[in-house]
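Engineer: Here you go, one structure.
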Amino acid sequence: MFGAGGGTSSYRETEDTDLVVLWGSNARETHPIFFHHVLKAIHKGARLYAVDPRRTSSAEWADGWLGLDVGSDIALANAVGREIIAAGLESRQFIEHATSDFEAYKAKVESYTLDYAERETGVPAESIRELAHALATAPRAMICWTLGITEHHNAVDNVLALISLVLLTGHVGRYGSGVNPLRGQNNVQGGGDMGALPDRLPGFQHVENDALRAKFDAEWGVAVPPQRGWHLSGMFDAMERGDLTAVYCIGENPVQSEADQKRAIGLLKGLDFLVVQDLFLTKTAELADVVFPATAAWAESEGTVTNSERRVQRVRAAVAPPPGARDDLAIIFELANRMGGAWGEPDAETVWNEVRRLSPVHTGMSYQRLEELGGLQWPCYDEDHPGEMYLHSRLWEDPLPGNRVPFVPVDHDPPVDRLSEDFPIRLTTGRRLDSYNTGVQTAGYTSPLRRGESLDISPEDAERLGLEPGERVRITSRRGQVEAPIRVDESLRPGLTFMTMHFQDDVAVNLLTIDATDPKSGTAEFKATAIRIEKLEAPVPA
Amino acid sequence: MTDDTRGLSMTRDPAPDADSPHAGQAPAAQPLTEIVLQPPARSSRPPVAPEVVAPPPVELTIDGVPVSVPAGTTLLGACRAQGIDTPTLCYAENLTPVNVCRVCVVELAGSRVLVPACSRAAEPGMEVQTDSERVRTSRKVVLEFLGSSVDVSLAGPAVPDGSIADYMARYGANPSRFGPPAAALSAGERDDRDPGHHHAPAGDARAATVAQPTKVDNELYVRDYSKCILCYKCVEACGEDAQNTFAIAVAGRGFDARISTEQNVPLPESACVYCGNCIGVCPTGALMAKPEYDMRAAGTWDPAQQTVTETICPYCGVGCAVELHVQDDRIVKVTSPLDSSVTEGHLCIKGRFGFEFVNERPKT
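First to last, the sequence lines map onto chains A and B.
Position 6 of the first sequence, counting from 1, maps to 6 under the numbering used here, and the rest follow consecutively.
Position 259 of the second sequence, counting from 1, maps to 1259 under the numbering used here, and the rest follow consecutively.
Take a look at the structure:
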């Protein structure tokens, strides 16, 4: 949107902002130390709004909770935008100076009245109005989101709808204002920064831009393929078509993490050749033709990772890896050398310095500076550059350097997995505080908080279905079926249920989820599955 | 608002029709793909935080030496800036001072009582004595009271490192002068005492103590309240200063005061979320992660053999700085540096305890 993918603000700014909107994020549990910064802001008088189908532990700290129906985010965001315009609270100065296509946005959101949004999202019109006015009148405000926004079939549209709100209110490019995707993994930001995206080279440089690609061709002495590749879900589609027959999978457990697990396993099994590089013999590694045991990147390797405030930080080896396990870098170098490349000896700092030569936004980040300064935030163009605390400050410069930022109007489009008479209940998935993803790492420690997998259900639905707390039920979606005990959870509204993905060995939740993916980001709609719940004594349908 | 005001005004629009540099111009639409294909334009200079106008510095004297410090500096900060070693127990850089331990007291001209250096802000013209007879006596007695009633063998200002012994030697503290310690109480006995009721002296001139069995009620950390000096740091870290969970507070009064969960329930039944930030700030080793507790019990805990390596937590994308304490090639403890702008020394349950998967990988 703005030309580089990253949160625009720093954590320290959160403490000085006036309004935080957590939209599709339960940061209290999933980003606990970021939430510490939010709590500091709250204690200083900032307001917090939580937009989430569940009344989460984050929402418990909020001034307002907007409990929308799963997948109705755009209806809500557009209604917030419409209300801001209708009340004359948009930042005309910023809109005229730094943006384009405002009129198209205004026309698009015109039909998203508060009444329409209340019907479509389930959030009272008055709450939507309150959020709109709070956002538009706050001196500083930030919108933060997590997978509640991005694990949808229209993930990019969801993000665009939120970006439009900060363009409308001028809450970007200033201290204490911004839009911030809270990253789910310790280097998901760094992975994207380093070009682990189908269309980008390191430093967000587009692979289809000839001038940028030529720089890499020259450094590497090979011709980089000039077309974008596939993202993860695109790869699965390519496997289905037979266009992709060999996969080298590093540090990922798609057998358990992919939506529509049955399909994912079938496609992985159908590959001619599967290589898995991981710390553990994961369920995916069990399917592999070749497994490379790797080191734990954060404790057994040297390198860098990048966090949700774009801060590049050093990771260091503290313990020796198990015998036979090798650093990711060493494995890749060895492969390259055996294939006839002359890559020499692997060394993290040498590779990093290559990144610095090729990616202008990382050029100023020497290992020495990273160590002395406790990390640096990109962009950092040279060794005298302090790194950027917040992005897009250019949007407030006069004259405006570079392009205007366009409003991209988007329409509400409900989840693909529609509710029906057969599948009347919405299931959404997420993390809990003490566990992590498919549980491969967190299973290693004993948490007093851990209670295993359950189907969390509202008290109303539990009563309606005649279910006792702890009772095991059969959960069926259009793709699969699992059994799990129920847990009655008052944070859930009738019609909404919740499961994690932490205990896939016990309950393979991803047998249920849908792999309808966003065409732009390739993210699957883990957040919206239609299910039915049956008591176990009910006869199994043939 | 004090936002940097170069270029446009960043305050709210004065009026919807305010003059704008582009007034009357139709915004030029840019095709999205063109923007994405090009690197983003740079700002003309790096963005900065709004400038805070520094108030004039404060002039005072410490031990007769004229000193100038930034306004808002505490007397402790001023002493440390002068290289004066001032003992602390309840003070931590990442917590609000609660000034309860009183070992940091200094003498202030014109003040009837000694003042806690950790929380008293420097004021113009103050005359501070850090090593007067009153200060030395007060620190000595405080250390004696604590030493006679609490197991301070591991206590130290920053981490449980036993360095309190140096201060005891410096001030000539003799905790045993109150007599031999009274017998330890049985489990739960202190917790069940009625608040506010005094107990008749036993008559055998023994020093009252808080000795009691260690509470071990979960797999992640233990609470040995015979080592608790009631510095409140754990309460602050569990409360508003960091975690905001409020699982613990001070219960009881006077010598019966103690740190307790609500209704004194075991931790797994309490509001505790096991962030362990209470362990991170505990200066006496009363709160201790289970691996360290077990290793100490087995006699294998050996800080001299440990390395400390700073790296980044492997879990969510916040990017918390963690320090891995490693002994015999195993991670035995995780802490976070106080000066990390990300964590300010605090972690969550995964960051502090979720390292076992590294240790559990087969090493042979």
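For every residue, glycine included, the Cβ atom is placed at its ideal position computed from N, Cα and C.
(1) Please report whether the beta-carbon of residue 279/A lies at a distance below 8 Å from any beta-carbon of chain B.
(2) I'd like the ranges of any beta strand (DSSP E) spanning at least 3 consecutive residues and lying wholly in the region 425-509 of chain A.
(3) Threshold first: 4 residues or longer. Then list the alpha helix (DSSP H) segments lying entirely within the region 1234-1294 of chain B, N to C.
(4) For residue 1218/B, return the contacting residues in chain A, with the cut-off set at a CB-CB distance below 8 Å.
(5) Could you say which of 1136/B, 1286/B, 1043/B and 1142/B lies nearest to residue 1171/B if we only look at CA atoms?
(6) Check the Cβ-Cβ distances between residue 159/A and every residue of chain B, and say whether any is below 8 Å.
(7) Find out if the Cβ-Cβ distance for the pair residue 41/A, residue 21/A is shorter than 8 Å.
(8) When we look at the beta-carbon of residue 220/A and count the other beta-carbons within 10 Å, is it buried (16 or more) or exposed?
(9) Beta strand (DSSP E) containing residue 239/A: first to last residue?
(10) Does any residue of chain B have a CB that is nearer than 8 Å to the CB of residue 55/A?
(11) Considering only residues of the same chain and omitting the five flanking positions on each side of residue 276/A, which have a CB-CB separation below 6 Å?
(12) Which whole-angstrom value describes the C-beta separation of residue 246/A and residue 273/A, a residue pair presumed to lie in contact below a C-beta threshold of 8 Å?
(13) Could you name the residues that DSSP lists as bridge partners for residue 180/A?
(14) Quick one: Cα of residue 148/A to Cα of residue 51/A, how far?
(15) Suppose you measure from the CA of residue 421/A to the CA of residue 499/A; what does that come to, to the nearest Å?
(16) Please state the DSSP three-state secondary structure of residue 1341/B.
(17) Kindly identify the DSSP beta-bridge partner or partners of residue 248/A.
(18) What does a CB cutoff of less than 6 Å around residue 998/B pick up in its chain, not counting 5 residues either side in sequence?
(19) Whose CA, out of 49/A, 223/A and 201/A, lies closest to the CA of residue 134/A?
(20) Would you mind working out which of 39/A, 152/A and 73/A sits nearest residue 522/A, comparing C-alpha positions?
(21) Grab me the residues of residue 382/A's own chain with a C-beta within less than 8 Å of its C-beta, minus the 5 sequence neighbours each way, in chain order.
(22) Out of 1353/B, 1210/B, 1125/B and 1102/B, state which residue places its alpha-carbon closest to the alpha-carbon of residue 1115/B.
(23) Please report the straight-line C-alpha distance between residue 545/A and residue 189/A, rounded to a whole angstrom.
(24) Could you check which residue in 271/A, 329/A, 265/A and 304/A has the C-alpha nearest to that of residue 294/A?
(25) With C-beta atoms as the reference, is residue 1188/B less than 8 Å away from residue 1237/B?
(26) Secondary structure at residue 49/A, three-state DSSP: helix, strand or coil?
(27) Note down, in chain order, every chain A residue with its Cβ under 9 Å from the Cβ of residue 1248/B.
(28) Is there a C-beta anywhere in chain B that falls below 8 Å from the one on residue 205/A?
(29) Round the Cβ separation of residue 1322/B and residue 1334/B to the nearest angstrom and send it over; I've been treating them as touching at under 8 Å.
(30) With residue 1182/B and residue 1207/B assumed to form a contact (beta carbons below 8 Å), what rounded beta-carbon distance in angstroms separates them?
(31) For the region 425-450 of chain A, list every residue whose C-beta sits within 7 Å of some C-beta in chain B, in sequence order.
(32) Any beta carbon of chain B sitting closer than 8 Å to that of residue 12/A?
(33) Cα separation between residue 1023/B and residue 97/A?
(34) Can you find a C-beta in chain A that's less than 8 Å from the C-beta of residue 1312/B?
(35) Hey, does residue 1240/B have any beta-carbon neighbour from chain A nearer than 8 Å?
(36) So which residues of chain A does residue 1278/B contact, with C-beta pairs closer than 9 Å?
Structural biologist: To lay it out plainly:
(1) yes
(2) 425-429, 455-457, 472-477, 481-488 and 496-499
(3) 1277-1281
(4) 448
(5) 1136/B
(6) no
(7) no
(8) exposed
(9) First-last for residue 239/A: 232-241, but that is the alpha helix (DSSP H), not the beta strand (DSSP E).
(10) no
(11) 249, 284, 285, 288 and 291.
(12) Between residue 246/A and residue 273/A, the beta carbon gap of about 4 Å places them in contact (Cβ cut-off 8 Å).
(13) 144/A
(14) 9 Å
(15) 21 Å
(16) Residue 1341/B: coil per DSSP, three-state reduction.
(17) 275/A
(18) Absent from the model: residue 998/B. The displayed extent of chain B is 1001 to 1364, so no value can be given.
(19) 49/A
(20) 152/A
(21) 363 and 364
(22) 1102/B
(23) Examination of residue 545/A is not possible in this model, given that chain A is present from 1 through 542 alone.
(24) 329/A
(25) no
(26) Three-state result, residue 49/A: strand.
(27) By Cβ distance, chain A contributes nothing, its closest Cβ being about 15 Å from residue 1248/B, past 9 Å.
(28) yes
(29) 5 Å
(30) 6 Å
(31) Taking 7 Å as the upper bound on Cβ-Cβ separation, chain B lies near residues 433, 434, 436, 441, 442, 444, 445, 446, 447, 448 and 449 of the region 425-450 of chain A.
(32) At least one CB atom of chain B sits nearer than 8 Å to the CB of residue 12/A.
(33) At residue 1023/B, the pLDDT of 34 sits below 50, so the modelled position is not reliable; the number obtained from the coordinates is stated separately. C-alpha separation (whole angstroms): 9 Å.
(34) yes
(35) yes
(36) Here the premise fails: no neighbours, minimum Cβ distance about 14 Å.
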